[in-house]
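As structure tokens, the structure follows; a few thoughts come after it.
In the numbering used here, the protein residues as written are 58 to 443.
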């Protein structure tokens with residue numbers, strides 16, 4: 058009965074950790090007042106740890122305006138990374154793409170445009186025409202692409218998001234949240250650094266029309282290298298900014314401000330607040346061996362557990378509080394053990410405040426032993442139970 062309880066307990070632990078491992082790091086207050094933000098919602102996160110440093114109504118649904126194009130770009134980048142698209146592909150421009158209203162790249166109907174130029178037109182010029190042309194190249198129609206957008210949003214855990222179009226034109230039920238936008242931006246930057254570079258380009262010329270990037274922070278702060286602006290009358294002025302200083306990258310989202318200057322100033326204030334009051338540290342690299350766990354009825358007597366994904370934490374810069382860790386693993390497990398099986402967790406805290414728990418997984422497969430191993434294991438378990 059005890060052995061069955063142990064096995065069931067381990068299974069429950071594995072299931073709970075498989076969910077909690079996706080959660081972002083909890084944060085300890087820096088005891089410094091964050092900046093005042095006059096917007097609908099806002100959020101500041103660390104890109105590596107996922108820690109939220111400050112926020113205001115981050116789960117309130119808002120119109121994303123052209124911030125929508127981040128999802129369009131994410132999917133295009135994924136298609137490129139997986140070899141289904143090439144930057145040199147020549148894309149036929151449909152009448153629908155050519156007729157798009159709002160911000161435009163000014164591409165011509167029935168012409169062929171290199172895919173990389175369309176990416177620049179979408180990102181730098183915020184061209185709705187370039188955006189639709191890209192969606193048609195990926196999925197055939199914008200409608201098919203939108204269904205893909207919503208599928209990917211679900212995969213990324215963007216629970217407050219529903220897309221109706223690819224460009225961000227106002228539409229009923231076309232909604233997202235500041236938290237979801239930060240999640241998407243973090244995924245784009247971390248997964249596709251080779252394509253993120255387009256967000257730092259300050260101007261692009263097409264059809265003899267030069268347009269500047271609408272992200273004012275690119276011209277003010279050399280550490281800022283993205284990300285995207287958005288504006289409609291109903292959504293207000295929105296901006297997602299990202300900067301890297303001394304190896305630490307932050308992402309700031311501000312929505313619903315009343316001017317271009319206001320959104321830039323507020324994102325700048327959030328970034329400065331984060332860099333001046335927090336620091337991000339790699340606690341354990343991926344694959345760091347933590348402990349050994351005894352294994353019964355197996356060919357091997359023990360299995361090592363590791364922090365498979367690596368652990369990075371964001372902590373306050375000021376204060377003498379020491380980072381502490383608590384490892385929780387079972388006294389023993391019964392073979393077989395699968396490669397990557399969750400066998401415990403490691404929790405970090407400062408001043409008694411938990412920063413989160415991270416799963417510890419088996420570094421190798423441990424198969425069941427032979428008859429002798431089974432007998433020896435049974436005897437050892439019998440004594441262990443007493």
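Where a beta carbon is used, it is the ideal one built from N, C-alpha and C, also for glycine. Because the structure is a prediction, the values reported are computed rather than measured.
{"Check": "Exposure label - residue 395; buried when at least 16 CB within 10 Å", "Outcome": "exposed"}
{"Check": "Anticipated Cβ contact below 8 Å, residue 360 with residue 419, distance rounded", "Outcome": "5 Å"}
{"Check": "Span of the alpha helix (DSSP H), counted from its first residue to its last, around residue 169", "Outcome": "Unbroken run through residue 169 is the beta strand (DSSP E), 169-171; no alpha helix (DSSP H)."}
{"Check": "Exposed unless 16 or more other CB atoms sit within 10 angstroms - verdict on residue 262", "Outcome": "exposed"}
{"Check": "Best match in 312, 277, 276 for proximity to residue 292 [C-alpha to C-alpha]", "Outcome": "312"}
{"Check": "Contact belief for residue 161 with residue 186 at Cβ below 8 Å, rounded distance in angstroms", "Outcome": "5 Å"}
{"Check": "Beta-carbon gap between residue 189 and residue 224 smaller than 9 Å", "Outcome": "yes"}
{"Check": "Buried versus exposed, by CB contacts within 10 Å (16 or more), residue 195", "Outcome": "buried"}
{"Check": "Residue from 332, 403, 105, 272 with nearest C-alpha to residue 182", "Outcome": "272"}
{"Check": "Residue 70 versus residue 404: straight-line alpha-carbon distance, rounded", "Outcome": "Caution applies to residue 70, whose pLDDT of 35 falls short of 50 and renders its modelled position unreliable; the value that the coordinates give is listed next. Going by the C-alpha atoms only, they are around 14 Å apart."}
{"Check": "Delimiting residues of the beta strand (DSSP E) encompassing residue 349", "Outcome": "345-353"}
{"Check": "Proximity of residue 103 and residue 331 at Cβ, strictly below 9 Å", "Outcome": "yes"}
{"Check": "First through last residue of the alpha helix (DSSP H) which encompasses residue 326", "Outcome": "317-334"}
{"Check": "Limits of the beta strand (DSSP E) - the one that residue 406 falls within", "Outcome": "399-407"}
{"Check": "Burial state of residue 98 (16 or more Cβ within 10 Å)", "Outcome": "buried"}
{"Check": "Run of the alpha helix (DSSP H) containing residue 128, from where it starts to where it stops", "Outcome": "126-138"}
{"Check": "CB of residue 149 within 9 Å of CB of residue 238, strictly", "Outcome": "no"}
{"Check": "Secondary structure of residue 149, DSSP reduced to three states", "Outcome": "strand"}
{"Check": "When 222, 407, 357, 105 are compared against residue 342, the one with the closest alpha-carbon", "Outcome": "105"}
{"Check": "Whole-angstrom distance between residue 319 and residue 466, CA atom to CA atom", "Outcome": "Nothing about residue 466 can be reported from this structure: the residues present for the chain run from 58 to 443 only."}
{"Check": "From 410, 413, 365, 354, residue whose alpha carbon lies closest to that of residue 390", "Outcome": "354"}
{"Check": "Three-state secondary structure (DSSP) of residue 373", "Outcome": "strand"}
{"Check": "Three-state class that DSSP yields for residue 180 in the structure shown", "Outcome": "helix"}
{"Check": "8 Å Cβ shell around residue 423 - same chain, five flanking residues per side excluded", "Outcome": "352, 355, 356, 357, 360, 392, 393, 394"}
{"Check": "Inter-residue CB distance, residue 450 and residue 324 (contact presumed, cutoff 8 Å)", "Outcome": "As displayed, the chain neither begins before 58 nor continues past 443, which places residue 450 out of reach and without an answer."}
{"Check": "Residues near residue 205 in its chain [Cβ-Cβ closer than 8 Å; skip 5 each side]", "Outcome": "132, 195, 196"}
{"Check": "Classification of residue 89 by the beta-carbon crowding that lies within 10 angstroms, buried from 16 upward", "Outcome": "exposed"}
{"Check": "Contacting residues, own chain, Cβ-Cβ under 7 Å from residue 200 (five flanking each side not counted)", "Outcome": "none"}
{"Check": "Bounding residues of the alpha helix (DSSP H) (the contiguous stretch that carries residue 163)", "Outcome": "No alpha helix (DSSP H) holds residue 163; DSSP gives it neither H nor E."}
{"Check": "Beta-carbon proximity list for residue 288, same chain, < 6 Å, skipping 5 on both sides", "Outcome": "122, 294"}
{"Check": "Under the three-state DSSP convention, the category residue 424 falls into", "Outcome": "coil"}
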